[in-house]
Amino acid sequence: MLESNQHSIFQTINAASPIDKVGVEERVARFQTRSIKDDAKAQGLKMVLSMIDLTTLEGKDTPGKVKQMCFKAHHLHDLHPNLPQVAAVCVYPSMVTIAKQALKGTSVKIASVATAFPSGQSNLEIKLADVKLAVDSGADEIDMVISRGKFLSGEYNFVFDEIGMIKEACGVARLKVILETGELCTLDNVRKASDIAMYAGADFIKTSTGKIQPAATMQVTYTMLLAIKDYFEATGKMIGMKPAGGISTSKLALHNLVMVNEILGPNWLHNEWFRFGASSLANDVLMQLLKLESGSYQSPNYFTLD
Amino acid sequence: MENKKNTSKDHQWLYSPSLESTSHIEIKDKYELFINNEWIAPTSNKYFDTINPADEKVLSKIAWANAQDVDKAVKAARKAYDEVWSKISAGDRSKYIFRLARMMQEKARELAVIETLDAGKPIRESRDIDVPLACNHFFYYAGWADKLDYAFPNQKTESLGVVGQIIPWNFPLMMAAWKIAPALAAGNTVVLKPAETTSLTALKLAEIIKEAGIPPGVINIITGHGDTGEALVKHPDINKIAFTGSTQVGKAIQKALVGTGKRSTLELGGKSANIIFDDAPIDQAVEGIVNGIFFNQGHVCCAGSRLYVQENIAEKLVEKLKHRMKSLILGNPLDKNTDIGAINTREQLQTIEKYIQIGIQEGSVIFQCEGALPAIGFYCKPTIFTNVSQSSVLSQEEIFGPVLTIQTFRTIDEVIQKANNSPYGLAAGVWTDKGSKIFNLTSKLKAGVVWANTYNKFDPASPFGGYKESGFGREGGMHGLGAYLKIIK
Chain E
7 MLESNQHSIF
17 QTINAASPID
27 KVGVEERVAR
37 FQTRSIKDDA
47 KAQGLKMVLS
57 MIDLTTLEGK
67 DTPGKVKQMC
77 FKAHHLHDLH
87 PNLPQVAAVC
97 VYPSMVTIAK
107 QALKGTSVKI
117 ASVATAFPSG
127 QSNLEIKLAD
137 VKLAVDSGAD
147 EIDMVISRGK
157 FLSGEYNFVF
167 DEIGMIKEAC
177 GVARLKVILE
187 TGELCTLDNV
197 RKASDIAMYA
207 GADFIKTSTG
217 KIQPAATMQV
227 TYTMLLAIKD
237 YFEATGKMIG
247 MKPAGGISTS
257 KLALHNLVMV
267 NEILGPNWLH
277 NEWFRFGASS
287 LANDVLMQLL
297 KLESGSYQSP
307 NYFTLD
Chain R
3 MENKKNTSKD
13 HQWLYSPSLE
23 STSHIEIKDK
33 YELFINNEWI
43 APTSNKYFDT
53 INPADEKVLS
63 KIAWANAQDV
73 DKAVKAARKA
83 YDEVWSKISA
93 GDRSKYIFRL
103 ARMMQEKARE
113 LAVIETLDAG
123 KPIRESRDID
133 VPLACNHFFY
143 YAGWADKLDY
153 AFPNQKTESL
163 GVVGQIIPWN
173 FPLMMAAWKI
183 APALAAGNTV
193 VLKPAETTSL
203 TALKLAEIIK
213 EAGIPPGVIN
223 IITGHGDTGE
233 ALVKHPDINK
243 IAFTGSTQVG
253 KAIQKALVGT
263 GKRSTLELGG
273 KSANIIFDDA
283 PIDQAVEGIV
293 NGIFFNQGHV
303 CCAGSRLYVQ
313 ENIAEKLVEK
323 LKHRMKSLIL
333 GNPLDKNTDI
343 GAINTREQLQ
353 TIEKYIQIGI
363 QEGSVIFQCE
373 GALPAIGFYC
383 KPTIFTNVSQ
393 SSVLSQEEIF
403 GPVLTIQTFR
413 TIDEVIQKAN
423 NSPYGLAAGV
433 WTDKGSKIFN
443 LTSKLKAGVV
453 WANTYNKFDP
463 ASPFGGYKES
473 GFGREGGMHG
483 LGAYLKIIK
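Chains E and R are the protein sequences, given in the same order. Count along the first sequence starting at 1, add 6, and that's the number in my numbering. Count along the second sequence starting at 1, add 2, and that's the number in my numbering.
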């Protein structure tokens, strides 16, 4: 990055307009009054399924657990024809090899968290090694965390450069930058972190690790979608969005899609540009989809838990 | 990076129709006049149609009251005032008003659907704004009825007597509530005349009044055209006229009242300025602009119809506004996803279209949302004009439709001057991240209501009313109560 270029990028980032939280809440509430029925609902629910990053990020993850989840990723509900598979699975770097094997021959992508996830409290060397491990093991996508401590102490250049270097280490893997909005606290910070991440080379910006509450609130996602919109207007480059954590119902997922549809437009309504990071969303969506067709809800026991 | 722009239509996601059900509502074929808690045929035996502006179909026939009918209603109100309403305890008045509020809440869904059918406004608005606010006005003033001594400490107040109230078609039920609730709480009885194109929810309210057992004659609802309203204004036994509507009619009413000793409050037109500074939260400001001018198809007396944008952000803001307008859904008001419903009357639609033509002739630059309008019904696309100046007709006259004029400004002093440079002074909006700027403007703008970083927010506790040709007197809050009382010592 050239010095002068970076200077002008920071001018752009600092020029972002302030955000009024009350106004954002009101706007989000308005999205939630959208009533999605019938065909639109079926289409929306199928989109949601195809956008899920099926996730397991636990200390107790084992090859057994990851293999079973990977099978579910491309066998969501085999009793029902014409269902999409999820977009990706999301695992720790140590599990990427296992996932790679389990998903061989499918088009399900493998995303791996990296950079001392979830806190990011390590040095650059370790973070780059973490990314390398994931990429070398076959990850298609890297979900990094930003250094929130540095961000909150005003070291924006540090955060920017770190993202840039991680991006370089990713090679062809797409980079999702997790802002951990629950620790940034204000929407103004969310906006600033989004701008830094996009200008530093993120392919996706992502709300949360799932380890901190609140995670992907609609207010935060809305703010990030607007940042993506402004970035697109300024540069012509599309950036993806991934809300993660706390989206476990179809209704909330559909309202997220309504926001994408009305802010970024239909070009973003594809798993190349929008993802849900979720562990339990898929079954609720399946249940709603089947209810649409049969008219009645089935017991949760008819949907597999992997 | 594969930043190919995907222009295929594969990803189009259009919302399926989501119509609010009309199976639970009851609209009679014909409505009589509501006098003394009874339904009375008009003396003239004349009726007029009320139609659904979204499909131009007749919803019902409405009685047309003449001067004789008005006299009956005023006599009923006077009798109820003398014998019942001014005699019962303030606590009992309060109980009656609370009962009305609760019963309206119970029938909220039906009221919302009928409001949407009769007025053309989106069900989202009648369901989430009109009807809840109408109920809240009754709840709020029910609470004041037995606490008047606290509203005006160390003073003694007295009710006025019989009040004539004339309301417009833009918020039919809500305006009825704004008028009736404070009048009753203060101890008056009323004769209310709804607008001729939107009588239905007032008549549903009459059914609720009867069911609630409000003493006969306390609230009388008479329907009709301008002549009915005129008869009410001129009736000698009225103590006060409360009117909401056009400035033109307001002036006529004021002339008619001169020398009669009747009190009056007038809430009239507006051409309110919505001011966006360069330090404003721009995306939220865009939302505020949309709510300011496109709420209820722009049929809002305090609509933010004159937009002033600081010149250094004007281009960016207008682009964002246009983008936001593209996601507004215009269509069947009964659809829960409709943002922009029908214009209330054909006549009003023609007025709006006339102004749009004037704007084009004046050389202003028009932008409207794409897409076709429904084949039947009265619809107008959300419209914005740039290249407008203070001298354009478009920025001076009240259009009362979804038409926004956009002007730029350079300095605070300039925008204050321009915002105040209008015969009207109902409301204003100020958008800035800087608190001191807000206070500077609120003290200098000649407008009854100034919203900061929001627009078109209403609450029963907050007074509402205008400067200059936007009228006088306040509705809502303690001020609204005072408008229905006289201070006797």
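Every residue gets a Cβ at the ideal spot worked out from N, C-alpha and C, and that includes glycine.
Classify residue i as buried or exposed, calling it buried when 16 or more other Cβ atoms lie within 10 Å of its own Cβ.
i, result
"N262 (chain E)", "buried"
"T227 (chain E)", "buried"
"I277 (chain R)", "buried"
"V260 (chain R)", "exposed"
"L85 (chain E)", "exposed"
"N5 (chain R)", "Residue confidence for N5 (chain R) is low, a pLDDT of 41 falling below 50, so the modelled location carries little weight; the figure read from the coordinates is stated next. By the 10 Å Cβ count, N5 (chain R) comes out exposed."
"H81 (chain E)", "exposed"
"P489 (chain R)", "The sequence given here places Ile at residue 489 (chain R); Pro does not occur at that position. When all chains shown are included, I489 (chain R) counts as exposed."
"P196 (chain R)", "buried"
"K212 (chain E)", "buried"
"N47 (chain R)", "exposed"
"D151 (chain R)", "exposed"
"L234 (chain R)", "buried"
"F166 (chain E)", "buried"
"V367 (chain R)", "exposed"
Span of the beta strand (DSSP E) holding residue i?
i, result
"T413 (chain R)", "T413 (chain R) -> no beta strand (DSSP E), and no H or E assigned at all."
"I58 (chain E)", "58-61"
"M247 (chain E)", "246-248"
"Y486 (chain R)", "Note, Y486 (chain R): premise wrong, no beta strand (DSSP E); not H, not E."
"G166 (chain R)", "164-168"
"A94 (chain E)", "94-97"
Would you report the Cα separation of residue i and residue j, rounded to the nearest angstrom?
i, j, result
"Q70 (chain R)", "Y17 (chain R)", "52 Å"
"K74 (chain R)", "K43 (chain E)", "51 Å"
"Y381 (chain R)", "I125 (chain R)", "16 Å"
"H481 (chain R)", "L270 (chain E)", "45 Å"
"M265 (chain E)", "G427 (chain R)", "36 Å"
"A268 (chain R)", "D239 (chain R)", "It is Leu, not Ala, that sits at residue 268 (chain R) in the sequence shown. Near 19 Å, if we compare the C-alpha coordinates of D239 (chain R) and L268 (chain R)."
"Y486 (chain R)", "P184 (chain R)", "7 Å"
"K59 (chain R)", "I53 (chain R)", "5 Å"
"V34 (chain E)", "M224 (chain E)", "7 Å"
"G117 (chain E)", "I15 (chain E)", "One detail in the question is off: residue 117 (chain E) reads as Ala in this sequence, not Gly. Looking at the two C-alpha atoms, the distance is approximately 29 Å."
"N8 (chain R)", "G468 (chain R)", "Here the model assigns N8 (chain R) a pLDDT of 45, short of 50, so the residue's position is not dependable, and the following value carries that caveat. For N8 (chain R) and G468 (chain R), the distance between alpha carbons rounds to 51 Å."
"N458 (chain R)", "P404 (chain R)", "14 Å"
"G301 (chain E)", "L51 (chain E)", "16 Å"
"T62 (chain E)", "P170 (chain R)", "59 Å"
"A206 (chain E)", "S214 (chain E)", "18 Å"
"I360 (chain R)", "V395 (chain R)", "8 Å"
"K73 (chain E)", "A110 (chain R)", "53 Å"
"P19 (chain R)", "L202 (chain R)", "26 Å"
Closest to residue i by CA distance: which of the options is it?
i, options, result
"P249 (chain E)", "E:D149, E:A240, E:S125, E:K156", "E:D149"
"T68 (chain E)", "E:P87, E:P99, E:M53", "E:P99"
"G22 (chain E)", "R:S248, R:D281, R:F466", "Contrary to the premise, residue 22 (chain E) reads as Ala rather than Gly in this sequence. Measuring from the Cα of A22 (chain E), the nearest candidate turns out to be R:D281."
"V94 (chain E)", "E:W279, E:I15, E:A48", "Looking at the sequence itself, residue 94 (chain E) is Ala, so the reference to Val does not match. The shortest Cα separation from A94 (chain E) among E:W279, E:I15, E:A48 belongs to E:W279."
"I315 (chain R)", "R:F296, R:V288, R:G163", "R:V288"
"S370 (chain R)", "R:F387, R:E364, R:Q359", "In the sequence under discussion, the amino acid at residue 370 (chain R) is Gln, which differs from the Ser named in the question. Closest option to Q370 (chain R), Cα to Cα, is R:F387."
"K123 (chain R)", "R:V165, R:G163, R:F296", "R:F296"
"N422 (chain R)", "R:G475, R:T159, R:L309, R:V133", "R:L309"
"A203 (chain E)", "E:P220, E:G251, E:G242, E:I152", "E:I152"
"F402 (chain R)", "R:P55, R:Y357, R:Q409", "R:Y357"
Output the boundary residues of the alpha helix (DSSP H) element that contains residue i.
i, result
"F238 (chain E)", "224-241"
"R111 (chain R)", "110-121"
"R154 (chain E)", "154-158"
"V395 (chain R)", "395-398"
"I211 (chain R)", "202-213"
Next item on the list: Scan the region 435-448 of chain R for residues whose Cβ lies nearer than 8 Å to a Cβ of chain E and list them as they occur along the chain.
Entry: Contact residues of the region 435-448 of chain R toward chain E are D435 (C-beta to C-beta distance below 8 Å).
Check: the region 12-26 of chain R: which residues have C-beta closer than 7 Å to a C-beta of chain E, in chain order?
Finding: From the region 12-26 of chain R, only H13, Q14, W15, L16, Y17, S18, S20 have a Cβ closer than 7 Å to chain E.
Checklist line | Against chain E: residues of the region 262-288 of chain R by CB proximity under 9 Å | finding: Here the close residues are D280, D281, A282, P283, I284, D285, Q286, A287.
Next item on the list: Would you list, in chain order, the members of the region 307-341 of chain R that have their beta-carbon closer than 7 Å to a beta-carbon of chain E?
Entry: Of all residues in the region 307-341 of chain R, S329, K338, N339 have a Cβ within less than 7 Å of some Cβ in chain E.
Checklist line | Contact list for the region 39-60 of chain E against chain R, Cβ threshold 8 Å | finding: Under the 8 Å Cβ criterion, the region 39-60 of chain E contributes T39, R40, S41, I42, K43, D44, D45, A46, K47, Q49, G50, M53.
Checklist line | Near-chain E residues of the region 453-472 of chain R - C-beta to any C-beta below 8 Å | finding: Using a CB distance below 8 Å, the part of the region 453-472 of chain R facing chain E consists of N455, T456, ordered along the chain.
Notebook entry, point to check: Can you list, in chain order, the residues of the region 124-151 of chain R whose Cβ is nearer than 8 Å to any Cβ on chain E?
Noted result: Correct list: R126, D130.
Next item on the list: Taking only beta carbons into account, state which residues of the region 166-197 of chain E come closer than 8 Å to chain R, listed in chain order.
Entry: For the region 166-197 of chain E, which is checked against every Cβ of chain R, not one residue is closer than 8 Å.
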